Amino acid sequence: MEEKKEEPTKEKGSIGSKLNIFNIFRYREIKEDDIDDIIEELRTELLESDVSLEVTDKILEDLKSSLIGKKVNRSEDLDELVKKSLKNSITEILEKNKFERNLIDEIKKSPKPYVIMFFGVNGVGKTTTIAKVAYMLKKAGLKVIVSASDTFRAAAQEQLAIHCQKLEIPLVKGKYGGDPASVAFDAIQAAKSRGIDVVLIDTAGRMHVDKDLTEELKRIVRISKPNLKLLVIDALAGNDALEQAKYFENVVDYDGVILTKVDADAKGGVVLSLAYELKKPVIFLGTGQNYDDLIPFSVDWFIERIFS
Numbered sequence: 001m002e003e004k005k006e007e008p009t010k011e012k013g014s015i016g017s018k019l020n021i022f023n024i025f026r027y028r029e030i031k032e033d034d035i036d037d038i039i040e041e042l043r044t045e046l047l048e049s050d051v052s053l054e055v056t057d058k059i060l061e062d063l064k065s066s067l068i069g070k071k072v073n074r075s076e077d078l079d080e081l082v083k084k085s086l087k088n089s090i091t092e093i094l095e096k097n098k099f100e101r102n103l104i105d106e107i108k109k110s111p112k113p114y115v116i117m118f119f120g121v122n123g124v125g126k127t128t129t130i131a132k133v134a135y136m137l138k139k140a141g142l143k144v145i146v147s148a149s150d151t152f153r154a155a156a157q158e159q160l161a162i163h164c165q166k167l168e169i170p171l172v173k174g175k176y177g178g179d180p181a182s183v184a185f186d187a188i189q190a191a192k193s194r195g196i197d198v199v200l201i202d203t204a205g206r207m208h209v210d211k212d213l214t215e216e217l218k219r220i221v222r223i224s225k226p227n228l229k230l231l232v233i234d235a236l237a238g239n240d241a242l243e244q245a246k247y248f249e250n251v252v253d254y255d256g257v258i259l260t261k262v263d264a265d266a267k268g269g270v271v272l273s274l275a276y277e278l279k280k281p282v283i284f285l286g287t288g289q290n291y292d293d294l295i296p297f298s299v300d301w302f303i304e305r306i307f308s
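Going by the UniProt record's numbering, the letters in the sequence shown line up with residues 1 to 308, in that order.
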């Protein structure tokens, strides 16, 4: 009969338990008191960058919850850790809500004409933005026509006419005080008969509390059936920009945003508020007065700008 070999007994103070003891000295658990001051500094930074108070509070509350109780190396710089975690959170929010479509490719593959409608209150740079988009499309080899469907604001059609003349792009106008939807309809019909690829429709930008404007915008949307609805917002408008965005979301349910005047030392925190609260992407950034001062929005650009 074969004799059973005795298994060696584990001694107290084995390697595993020693490692556990070492871990106590190597790692620490993050407590609320450890990061409170850092969180408050970041709160100030976000608010000064024009991220709304509500969105700032929600993002930092989520960040705090994810960090408290986490075990980190004792040599880890908590200040850097919290900032890096916030950058990752913001990146994730913006990536999740970014505009995935390639606009030029989409237009080229779509039936003619492809209709883009622009919204926004007075003073945000809507007319110049339409001219920049027209220039961008023309550079891509597309034929463009513009509908001057703001028939109420003084000189609105004249401003568009100047841009269209410079860009050598046709413009469809109506009488002041006339029906803006019929101007849009005429522009679309002209595009169909002339084989034009894209119709850009301007709309009135009176103050966003105007009930008549609300009905007018809805009517233009019903008649023109746009492929893409874009809201133009001024980066310098602060929290009012988010209120404008909420209003137009209720009225026309736009697809994305063009943020203007980002060259005027604006942090552009409204980008984060739009993505977090309304799930709306910023598609383009207006960076100056020239026609080619329109660039695609970049998440990296935003992160660098807001933490600079």
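We put the beta carbon where it would ideally sit given N, CA and C, even for glycine. Computed from a prediction, not measured in an experiment: that's the story for all the values here.
According to DSSP, Ile233 shares a beta bridge with Leu259. DSSP places Asp202 in the strand class (E or B) of the three-state scheme. Just measuring C-alpha positions, the residue of Ile116, Leu46, Ile35, Ser85 sitting nearest Tyr254 is Ile116. Look at the stretch 143–202 and you find these whole runs of alpha helix (DSSP H), each 4 residues long or longer: 156–167, 180–194. A Cβ-Cβ separation of about 11 Å leaves Val72 out of contact with Ile35 under the 8 Å criterion. Looking at the backbone, the Cα of Leu230 and that of Lys64 are separated by about 35 Å.
In the three-state DSSP reduction, Tyr254 falls in the coil class, being neither helix nor strand. At the C-beta level, Gly120 and Lys112 stay beyond 8 Å of one another. With respect to the C-alpha of Lys108, the residue from Ile220, Pro226, Asp197, Lys267 having the closest C-alpha is Asp197. Taking 8 Å as the upper bound for CB-CB distance, Glu249 and Leu278 are in contact here, some 6 Å apart. Excluding its 5 nearest sequence neighbours in each direction, Lys58 has C-beta neighbours in its own chain below 8 Å: Tyr276, listed in chain order.
For Leu285, the enclosing beta strand (DSSP E) stretches over residues 282–286. Sequence-distant partners of Met136 (beyond 5 residues in either direction) whose C-beta falls short of 7 Å from its own C-beta, in its chain, are Leu294. In the three-state scheme derived from DSSP, where H, G and I count as helix and E and B as strand, Arg28 is classed as strand. Rounded to whole angstroms, the gap between the alpha carbons of Gln289 and Lys261 is 9 Å. For Tyr135, the three-state secondary structure derived from DSSP is helix. Counting of Cβ neighbours within 10 angstroms places Asn97 among the buried residues, the total reaching 16 or more.
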